[in-house]
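**Q**
Number of protein chains: 2
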Amino acid sequence: MAAEFDIETLKFDDAGLIPAIAQQHDTGEVLMMAWMNRESLKATLTTKQVTYWSRSRQELWRKGATSGHMQTLKSLRIDCDRDCILMLIDQIGAACHTMRRHCFYTDVTNGNEVELISPMEP
Amino acid sequence: MAAEFDIETLKFDDAGLIPAIAQQHDTGEVLMMAWMNRESLKATLTTKQVTYWSRSRQELWRKGATSGHMQTLKSLRIDCDRDCILMLIDQIGAACHTMRRHCFYTDVTNGNEVELISPMEP
């Protein structure tokens with residue numbers, strides 16, 4: 001039994017945004033977290049090309065539009081509270097603007113910052 | 001070369017919070033996303049028992065304190081923008097308050113809501 005998905009049932013914050021986590025679909029790596037508004041979420045679902053909302057530029061941000069590091073949507077999931085999105089995606093190249101595969105490359109578990117991965121070759 | 005981690009270098013939002021993603025350390029499953037303030041992050045790093053900030057109750061929320069579904073921290077990472085946390089953890093039982101293993105059990109990729117997993121047996 002499947003109910004039709006209604007974007008208005010999601011809980012967007014006061015700025016009209018919802019956090020979206022991108023996970024590489026086959027390896028399980030968590031690549032990045034960014035924000036979506038209604039328009040970017042609709043674009044992502046329609047085109048299967050992941051599109052965020054850039055809070056700094058205040059504009060739609062189709063991931064990889066300039067860098068070529070696009071994200072193709074495989075599956076989009078929402079959480080129990082309907083206030084967070086998890087996307088399984090296929091990432092081309094680096095998810096991170098630092099040219100690293102993912103953004104979570106700094107470990108701080110034991111009181112020190114340790115860099116886990118280096119930037120990819122261009 | 002490891003620099004000492006200073007919590008004040010993180011970017012907390014206007015409410016003093018930062019999003020924290022919990023990922024099962026050995027399977028790679030993304031279990032949930034919740035929020036931390038400085039105090040909960042410090043408690044998490046010190047005790048290795050994951051502690052969030054409950055926005056609804058406005059109090060520290062040591063995950064599993066009442067349910068027994070605790071999360072033991074294995075590794076805590078921050079992203080390039082220093083405004084999001086990824087934790088590799090070991091989850092006892094259900095991460096979700098619905099008694100499901102994880103919170104992202106609703107798939108909406110193709111226009112319909114599809115429930116991916118059922119609640120665990122008590």
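Line by line, the protein sequences are chains Z and H. Heads up, the first sequence is in our numbering, so the first residue is 1 and it goes up one at a time. Heads up, the second sequence is in our numbering, so the first residue is 1 and it goes up one at a time. Glycine included, C-beta positions come from ideal geometry on N, C-alpha and C. Please read all numbers here as calculations on a predicted model, not as lab measurements.
For residue 30 of chain H versus residue 97 of chain H, is the C-beta distance shorter than 8 Å?
**A** For residue 30 of chain H and residue 97 of chain H, no; Cβs fall outside 8 Å.
**Q** How many angstroms separate the CA atom of residue 47 of chain H from the CA atom of residue 55 of chain Z?
**A** Going from the Cα of residue 47 of chain H to the Cα of residue 55 of chain Z covers about 34 Å.
**Q** Taking a Cβ distance cut-off of 7 Å, strictly less, list which residues of the region 5-26 of chain Z are near chain H, in chain order.
**A** Residues 5, 19, 21, 23.
**Q** Output the distance between the C-alpha atoms of residue 28 of chain H and residue 11 of chain H, rounded to the nearest integer angstrom.
**A** Each residue's alpha carbon lies about 26 Å from the other.
**Q** Who pairs with residue 71 of chain H in a beta bridge, going by DSSP?
**A** Looking at the DSSP assignment, residue 71 of chain H forms a beta bridge with H/91.
**Q** Take every Cβ of the region 34-52 of chain H, pair it with every Cβ of the region 3-22 of chain H, and state whether three or more of those distances are shorter than 8 Å.
**A** Counting Cβ pairs under 8 Å, three or more are found: they touch.
**Q** Pull up the DSSP beta-bridge partners for residue 123 of chain Z, would you.
**A** The structure shown does not extend to residue 123 of chain Z, since chain Z is modelled only from 1 to 122, so the question has no answer here.
**Q** Please go through the same chain and pick out, in chain order, the residues whose beta-carbon is closer than 6 Å to the beta-carbon of residue 88 of chain H, but skip the five residues on each side of it.
**A** Taken in chain order, the residues that qualify are 23, 25, 74, 75.
**Q** If we ignore side chains and look at the alpha-carbon of each, how far apart do residue 7 of chain H and residue 41 of chain H end up?
**A** Spanning the two alpha carbons is a distance of roughly 9 Å.
**Q** So is residue 113 of chain H in contact with chain Z if we call contact Cβ pairs under 8 Å?
**A** It does; some Cβ of chain Z falls within 8 Å.
**Q** Residues of chain H with a CB under 7 Å from the CB of residue 64 of chain Z: which are they?
**A** Going along chain H, no residue has its Cβ under 7 Å from residue 64 of chain Z, so there is no contact; the nearest lies around 16 Å.
**Q** With DSSP run on the structure shown, which of helix, strand or coil describes residue 56 of chain Z?
**A** Residue state, collapsed to three classes: coil.
**Q** Is the CB-CB distance between residue 51 of chain H and residue 61 of chain H below 8 Å?
**A** Cβ atoms of residue 51 of chain H and residue 61 of chain H: closer than 8 Å.
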